[in-house]
Structure formats: structure tokens, C-alpha cells
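Residues are numbered in this note's numbering as their position in the sequence shown, beginning at 1, plus a constant of 2.
Data first, discussion second: the structure below is written as C-alpha cells.
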Amino acid sequence: MFIVNSLYTFGRYLMLMGRAFSLPERLRMFWKQYVKEMAQLGVDSIGIVLLISFFIGAVICIQMKLNIQSPWMPRWVSGYTTREILLLEFSSSIMCLILAGKVGSNIASELGTMRVTQQIDALEIMGVNSASYLILPKVLGLMTIMPFLVIFSSATGIIGAYATAFFGHILSPEDLTEGLQHSFVPWFMYMSIIKSLFFAFIIASVASFYGYTVEGGSVEVGKASTNAVVSSSVLILFSDVFLTQMLS
């Protein structure tokens, strides 16, 4: 029964995405919505991304120094492991999981409220492709801004690591700099950005699906918001495994 329900839900999701990814009827209106969604979903999330990344970078650096560093290892190991963790997993995967809670619930509740208040039905009556008008700008807007959030997250995490070096005296800034520069592979940065594009699509499309297909009242909107966050988080974790294997 679970498999049948999952396949049924997946089929509805594909049908909705087929409607959403159609050519916009009015490009001027689409562009306006696209810029609005970039600001609402991406720019408004910069604050929480910078705050979390700063402290996570500091904590990772401290943990690496206290638990991995030993007299048998070079002093730059802490900086090296901090950089690898930030680039390979935290700034893309973990940060997108955090944004799934903020952005995903926002999208699902917005579209769910429009559904239960019959605003989406009104768009359909006027002959507007409501799926394309409402969902496409959100998906493309989040996919556009997400690589910048990943770059900001990585940079802020490194700044947090330097904060521990300068003010916490956990390790010297010179050793941290040497570790950050040691055997740097530029592809890891590109890999993090590529993964974030897939995660951004998952967050926006899954949340849009749950919000758009709400049936009932305000209670169902809350359930749809919860389901959107849980489903997108699980899909991000699954896709992270495959993307890491493919891109490594």
C-alpha cells in the first residue's frame, strides 16, 4: 500500500511539474515574479546562512583541533579538515537541509493558503496556467540564488574558523592558513555548487507540490508544510549519496 501511494504521489508530482515547466504566457510578468522570488526565498535567507555558517565553522575548527590534532600530525591538519568539511558537505548538503525548513515551509504554506482561499481556482477561471505562474518562478529563483548562498556559507565558515584562531587562541592563524591552502582541489567548490542546484530544485518543487495540492482548510495547510519539509529533507539526503558518488 505504501508503494502504491508513493507511486501515485510521484505521478501527481510529475504531472504538476509538467504543467509548471511550460513556457510562461507573459514573460514580463514572469520576470517580475522571478526577481521577487529570488529576493523572498534567497536574499532573505542570507542572514541565517551567514550566522549558522560562522558558528559552525568555528565549532568544526575547535573540534578538529581538540580531537584530531596530535604530536604525530602536522599542525595544519585542523585547517585542512575544516576546509574539506565545509566545502564537501556542510555548505551544500547541511545548509540546504536547514533551508528546506525555512524556505520549504514558506513555499508550502503560501501556496496552501492560496489553494484553500480559492485564489488558485480564480487564476484557473481567468485562463491562467496557475502552476507555471506560481511554481516556475519559485523553482528558478531558488536555483539561481542557491549557489551564492553556498559560496557565502563556505566563506563565512572559514571566517568563523579564523575567529577561533585569533580570539580563542585554539591554533595559530598561520597554521590555519596553511591547512586551508594545503592540497586545495577547486573541483570540490564546483561540486558543492552543482549539488546545491539539485537540492534547490528539490526544495522548491516538492514544497510547491505539497502546497499546491492541499485539500481542506488551515489544518491541512499546516500538515502540507510539515510534509514538504520532511519529504524534501529525505530526498536531499538520498540524492546527496548519489550525487557525491557521481561527482567524486
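No residue lacks a Cβ here, since even glycine has one placed at the ideal position from N, Cα and C.
As the structure is a computational prediction, the values presented were derived from the model and not from experiment.
Residue i versus residue j - alpha carbon distance
i	j	result
I147	W74	43 Å
L29	K140	15 Å
A206	I196	16 Å
L9	L52	38 Å
E1	F56	Residue 1 cannot be examined here, being either before or after the span of the chain that is shown, 3 to 250.
S194	I127	42 Å
W33	A133	16 Å
L151	S47	8 Å
V187	Y82	11 Å
L99	S198	10 Å
T11	T246	27 Å
K225	S111	9 Å
R14	M248	28 Å
V208	K38	20 Å
M17	Q120	21 Å
G129	G159	48 Å
I122	R77	59 Å
G219	N229	16 Å
Q42	E27	23 Å
F190	A124	47 Å
F168	P149	29 Å
Nearest-angstrom beta carbon gap, residue j and residue i [assumed within contact, 8 Å]
i	j	result
V231	G49	Actually they are not in contact, since the Cβ atoms of V231 and G49 sit about 20 Å apart, beyond 8 Å.
Y212	L142	No, Y212 and L142 are not in contact; Cβ-Cβ is about 19 Å, not under 8 Å.
L144	G44	6 Å
S227	G114	7 Å
V61	G181	Actually they do not touch by this definition, with Cβ atoms about 16 Å apart.
T166	I64	6 Å
Three-state secondary structure assigned by DSSP to residue i
i	result
T84	helix
N108	helix
I28	The sequence shown places Arg at residue 28, rather than the Ile named in the question. Here R28 sits in coil by DSSP.
S220	helix
M116	helix
G159	helix
T215	coil
N131	coil
L173	coil
M191	helix
R77	coil
F23	coil
M248	helix
F186	coil
M295	The structure shown has nothing for residue 295, since the chain only spans 3 to 250.
Contact check, residue i vs residue j, beta carbons under 8 Å
i	j	result
D242	S95	yes
R21	N131	yes
L254	S174	What the structure shows of the chain is the stretch from 3 to 250, and residue 254 is not part of that stretch, so it cannot be assessed.
A102	S235	yes
R117	V221	no
K67	I172	yes
L178	A163	yes
I204	G59	no
Local Cβ density within 10 Å of residue i, reported as buried at 16 or more and exposed below that
i	result
S24	exposed
E86	buried
V6	exposed
Y214	buried
N69	exposed
F244	exposed
M31	exposed
M3	exposed
Beta carbon proximity, residue i to chain B, threshold 8 Å
i	result
F186	Considering every chain present, this structure includes no chain B. It has just one protein chain.
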